[in-house]
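Remember, the numbering used here sits 64 above the position in the sequence shown when you count from 1.
Backbone N, C-alpha and C fix where the C-beta goes; we use that ideal spot for every residue, glycine too.
Right, one structure below, let's go through it.
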Amino acid sequence: MTADPGLSARRQGMLMALASAGAYGTNIVSAQIAGQAGLSGPLLVFYRVFIMLALVGAAVAIWRSSLAVPRAERRALLLFGLTSALVGSAYLSSVAFLPVTVAAVVFFTYPVLIVLAEPLVTRTRFQPARLAAACAAFVGVAMVVGPDLHGLDPRGLLLALGASLGAATQFFAASALGRTPLAARLLWSHLLILPVTAVILAITGGFLPPTAFALAPIAAAITIGGYLLGFLLQVIALTRISPGAAGLAFCAEPVCAVLIAALVLGERLAPLQYAGCALVVAVLVINVTLEQMRRSPAPA
């Protein structure tokens with residue numbers, strides 16, 4: 065009895081998606097620590113994109129990786145790069161008008177959006193169980209984050225919603241890049257992201273030389289490293305599992321962030337937050353189990 069290669073790929077993709085969510089969650093806490101030391105969010109975003117480009121460029125030069133993009137996937141790659149820039153810039157900007165907790169809850173509507181749009185975009189069969197899981201995970205995320213509904217600003221809500229729509233589109237675009245080499249996906253997408261981050265940094269006027277990382281070297285390193293690892297795993301995972309399954313897996317991100325903040329920063333969690341963590345974890349376990357039970361379609 066031979067192993068199902070599709071099942072193995074999905075298993076690897078789910079593990080990568082969960083690991084990516086964990087890396088992004090760690091990134092949030094370390095970015096907060098770096099920000100308290102004087103390293104702004106836009107500054108960290110700019111340098112992490114710049115470092116990603118430098119690392120990918122070095123890897124391409126050493127291993128002579130192909131940067132060719134199949135003609136059929138060029139539009140998806142362009143969309144992936146633009147939406148990746150939108151997600152970071154819109155989400156980061158939304159917290160200037162909203163409490164971080166509200167921005168996070170609005171942003172994490174994207175797994176529900178992905179599940180709703182998946183039958184239309186990918187022509188897969190609608191799965192009510194996956195929609196129920198996405199809604200339950202969203203409720204869990206809202207419980208974990210504990211949004212403060214005071215002082216809502218329409219500009220912040222629109223920016224956070226734009227980031228959510230951008231994230232949903234990003235997942236679909238990335239899943240359509242199955243024949244584009246990994247190095248090409250990373251390099252070309254970040255060449256699109258870099259100008260956007262540079263403009264944001266210029267507007268905020270917070271540019272500092274690399275020596276500024278001495279203000280919080282460990283936090284800065286974890287922030288940048290968490291992004292590099294998270295983005296790499298995300299890009300790989302999205303060519304192995306469906307956007308809906310990946311979106312649900314990324315609901316682990318705020319749970320990881322809250323738990324790490326409790327351990328590292330000593331933040332105290334309310335019982336409702338613990339209950340939200342448990343709900344999200346339960347949904348993730350069920351989602352992973354269902355993905356393992358699904359068989360690859362038989363070849364025609």
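Residue i versus residue j: straight-line alpha-carbon distance, rounded
i: L131; j: A227; result: 28 Å
i: R249; j: L302; result: 12 Å
i: E331; j: L323; result: 9 Å
i: L256; j: V299; result: 15 Å
i: Y174; j: A232; result: 5 Å
i: A325; j: A136; result: 43 Å
i: A339; j: A201; result: 12 Å
i: V344; j: Y155; result: 22 Å
i: A83; j: A316; result: 9 Å
i: M65; j: A181; result: Its pLDDT being 45, under 50, M65 is placed unreliably by the model, and the measurement read from it follows with that caveat. The straight-line gap from Cα to Cα measures roughly 36 Å.
i: W252; j: F161; result: 32 Å
i: V120; j: R194; result: 35 Å
i: A285; j: R189; result: 42 Å
i: M207; j: C341; result: 8 Å
i: S129; j: G242; result: 16 Å
i: D212; j: P163; result: 7 Å
i: A364; j: L354; result: Low confidence applies here, because A364 scores a pLDDT of 36, under 50, leaving its location unreliable and the question unanswered by this model.
i: A280; j: P192; result: 46 Å
i: L222; j: L177; result: 16 Å
i: L225; j: A198; result: 17 Å
i: L108; j: M80; result: 24 Å
i: I305; j: F314; result: 13 Å
Integer Cβ distance of residue i from residue j, believed to fall under 8 Å
i: G210; j: Q337; result: 6 Å
i: T244; j: P134; result: 6 Å
i: L312; j: V347; result: 7 Å
i: P318; j: F172; result: 7 Å
i: I282; j: Y111; result: Not really, about 15 Å apart at Cβ, beyond 8 Å.
Residue i, buried or exposed, once every other Cβ within 10 Å from all chains shown has been counted against 16
i: L329; result: exposed
i: R139; result: exposed
i: M116; result: buried
i: I264; result: buried
i: Q356; result: exposed
i: T261; result: buried
i: I126; result: exposed
i: S72; result: exposed
i: P183; result: exposed
i: A122; result: exposed
i: R219; result: exposed
i: R187; result: exposed
i: L327; result: exposed
Any non-hydrogen atom of the ligand NAP within 7 Å of residue i CB
i: E331; result: No copy of the ligand NAP occurs in the structure displayed, which carries no ligand at all.
Short CB-CB distance (under 8 Å) between residue i and chain B
i: G77; result: No chain B appears in this structure, which consists of one protein chain only.
- prompt: Does the segment 270-279 come within contact of the segment 93-111, defined as at least 3 CB pairs closer than 8 Å?
  reply: Yes: at least three Cβ pairs fall under 8 Å.
- prompt: If you pair each beta-carbon of the segment 139-154 with each one of the segment 229-244, do three or more pairs fall below 8 Å?
  reply: yes
- request: Kindly confirm or deny that the segment 83-92 and the segment 280-297 touch, where touching means at least three C-beta pairs closer than 8 Å.
  value: Touching, yes.
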